[in-house]
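**Q** Got a structure for you, written out below as structure tokens; questions coming shortly.
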């Protein structure tokens with residue numbers, strides 16, 4: 048933990064990432080895990096295991112229960128949290144909002160790799176529409192630009208992740224793209 052604290056001694060709150068999944072072994076997935084890591088040092092700080100029965104036997108709720116446990120651990124350890132990166136799942140944002148009394152205001156960001164993948168899929172889908180094929184050659188360049196911004200920003204303490212997420216949030220809320 049000292050390595051992580053040293054990485055933030057000038058900045059204030061920690062920038063952490065949380066991810067979870069359900070083990071796919073066996074006829075029915077039973078165990079889920081949630082992992083909390085630091086985005087600067089890439090160190091894993093904490094992990095939780097969630098039995099599917101603890102989340103009403105619903106796989107999607109395992110992620111939420113895992114995040115709730117990670118957030119309670121952050122609160123118990125009295126870690127100053129500036130931002131948290133998760134999957135693009137509204138239920139995870141609600142869980143974070145519910146912990147505001149204990150953690151304070153925390154900036155919720157989406158996982159860049161998942162967002163870039165989502166954006167690529169959407170651009171490819173739109174490119175197949177009539178009159179939109181000119182988008183195809185630009186898709187790889189857009190992805191490269193987004194990856195470059197995402198890799199540059201943590202090293203230089205910029206607002207790229209926040210702005211990137213704000214733009215993508217607006218795009219995902221758009222009802223339908225009309226060329």
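In my numbering, the protein residues as written are 48 to 226. The beta carbon of each residue, even a glycine, is placed where N, CA and C say it ideally should be.
Could you give the DSSP three-state label for residue 204: helix, strand or coil?
**A** The pLDDT assigned to residue 204 is 46, lower than 50, so where the model puts this residue is not dependable; a value taken from the coordinates is nonetheless given after this. Note: residue 204 maps to coil in three-state DSSP.
**Q** Within 10 Å of its beta-carbon, does residue 2 have 16 or more other beta-carbons around it, so buried, or fewer, so exposed?
**A** This structure leaves residue 2 out entirely; the chain is present only between 48 and 226.
**Q** Excluding sequence positions up to five away, which residues of its chain have a Cβ less than 8 Å from the Cβ of residue 122?
**A** Contacts found: 146, 149, 150.
**Q** Return yes when the Cβ of residue 129 is within less than 9 Å of the Cβ of residue 178, no when it is not.
**A** Taking 9 Å as the Cβ cut-off, residue 178 and residue 129 do not qualify as a contacting pair.
**Q** Determine the DSSP secondary structure at residue 172, reduced to helix, strand or coil.
**A** It is helical.
**Q** Got a sec, what are the start and stop residues for the alpha helix (DSSP H) residue 141 sits in?
**A** Taken as a continuous stretch (DSSP letters only), the alpha helix (DSSP H) holding residue 141 covers 137-145.
**Q** Going by DSSP in three states, residue 80 sits in which element: helix, strand or coil?
**A** In the structure shown, residue 80 sits in a strand (DSSP, three-state: E or B).
**Q** Within the same chain, show all residues whose beta-carbon is closer than 6 Å to that of residue 62, passing over the 5 residues directly before and after it, in chain order.
**A** Same-chain partners within the cutoff: 86, 129, 130.
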